[in-house]
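Working notes for the structure below.
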Amino acid sequence: MSEHQHDHQHDQQHDQDPTEPDFFEPAGWEERYVGDDAMWSGRPNPQLVTEAGRLTPGTALDVGCGEGGDVVWLAQQGWHVTGADFSANGLARAARHAEQAGVADRTDWWQVDARAFAAEGRQFDLVTTHFLHPPDHGMVEVTRRLAEAVAPGGHLLVVGHAPSAHHTQLTESHRRAMWEAAELLPGLPEGFEAVVVEQRPRTVERDGESVDIEDSTLLARRTT
1 MSEHQHDHQH DQQHDQDPTE PDFFEPAGWE ERYVGDDAMW SGRPNPQLVT
51 EAGRLTPGTA LDVGCGEGGD VVWLAQQGWH VTGADFSANG LARAARHAEQ
101 AGVADRTDWW QVDARAFAAE GRQFDLVTTH FLHPPDHGMV EVTRRLAEAV
151 APGGHLLVVG HAPSAHHTQL TESHRRAMWE AAELLPGLPE GFEAVVVEQR
201 PRTVERDGES VDIEDSTLLA RRTT
């Protein structure tokens, strides 16, 4: 499951019809991103604002960027950002949003599936992904792959949904795709130190009601 779907967008989290069989695959997202109606709020994810706001801007890679809300925010803070996603339609939307925000000259785009991601020698001062939930506990492997793109002294920020009783609207396969921050630690290669390994509580509005959820937040720094 790719959460190009920033969690606060329309306060729906990733309830975009989770019973669809293609929810984990590119074809389903290509279909969702057809047309002009925005799916998500466009606001940056809160843990990105918290953690990236403490860093000196440099180069950044946002994997699973969807419509580009995080990419635009990072570019506005002075980062040069590559937005990566497995949906070409999502990337086209993100590029339009960057143009509209006046930061197109600080953004690049890369169509790639996080599950098969390879850094190919490219390195960034910040590699980030938010609410990416591959099936079958695949996020540990994705974390390992993303870590390869972190430059020495750079940071890896991985944020996702923690398992919760509030996710009753999801199928069992989607609930299994959720994870806690500590579960990703085996995906950190040698030369990385964990800076933040936390479950961060947050309240969202869903169907007119306040719901308490947790953001699983892993921030790691490459030391060598």
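Here the sequence shown is numbered in full-length UniProt numbering, starting from 1 and rising by one per residue. By construction, the Cβ of each residue, glycine as well, lies at the ideal position given by its N, Cα and C atoms.
Helix, strand or coil: how does DSSP classify residue i here?
{"i": "A143", "result": "For clarity, residue 143 is Thr in the given sequence; the question names Ala instead. In this structure, T143 counts as helix in the three-state DSSP scheme."}
{"i": "E99", "result": "helix"}
{"i": "Q16", "result": "Legend: pLDDT at Q16 = 38, less than 50; position of this residue unreliable, no value from coordinates given."}
{"i": "L74", "result": "helix"}
{"i": "L219", "result": "strand"}
{"i": "L91", "result": "helix"}
{"i": "D212", "result": "strand"}
{"i": "A177", "result": "coil"}
How is the beta strand (DSSP E) around residue i delimited, first residue to last?
{"i": "E198", "result": "192–206"}
{"i": "L184", "result": "From DSSP, L184 is part of no beta strand (DSSP E); its letter is neither H nor E."}
{"i": "D125", "result": "124–130"}
{"i": "A84", "result": "80–85"}
{"i": "T56", "result": "Note, T56: premise wrong, no beta strand (DSSP E); not H, not E."}
{"i": "P152", "result": "150–161"}
My assumption, with CB atoms under 8 Å, is that residue i sits in contact with residue j. Please give the rounded CB distance.
{"i": "A114", "j": "P134", "result": "7 Å"}
{"i": "H155", "j": "N45", "result": "The Cβ separation is near 15 Å, so there is no contact."}
{"i": "A149", "j": "A119", "result": "4 Å"}
{"i": "R144", "j": "Q47", "result": "Going by Cβ atoms, the distance from R144 to Q47 rounds to 20 Å, so no, they are not a contact pair."}
{"i": "A98", "j": "T107", "result": "4 Å"}
{"i": "S164", "j": "E214", "result": "7 Å"}
Counting only C-beta atoms, is residue i closer than 8 Å to chain C at any point?
{"i": "F124", "result": "In the structure shown, chain C cannot be found, because there is only a single protein chain."}
What residue range does the alpha helix (DSSP H) around residue i cover?
{"i": "V63", "result": "Where V63 is concerned, there is no enclosing alpha helix (DSSP H), although the beta strand (DSSP E) it sits in stretches over 59–63."}
{"i": "P46", "result": "46–52"}
If we count the other Cβ atoms within 10 Å of its Cβ and call it buried at 16 or more, is residue i buried or exposed?
{"i": "E67", "result": "buried"}
{"i": "T223", "result": "exposed"}
{"i": "G191", "result": "exposed"}
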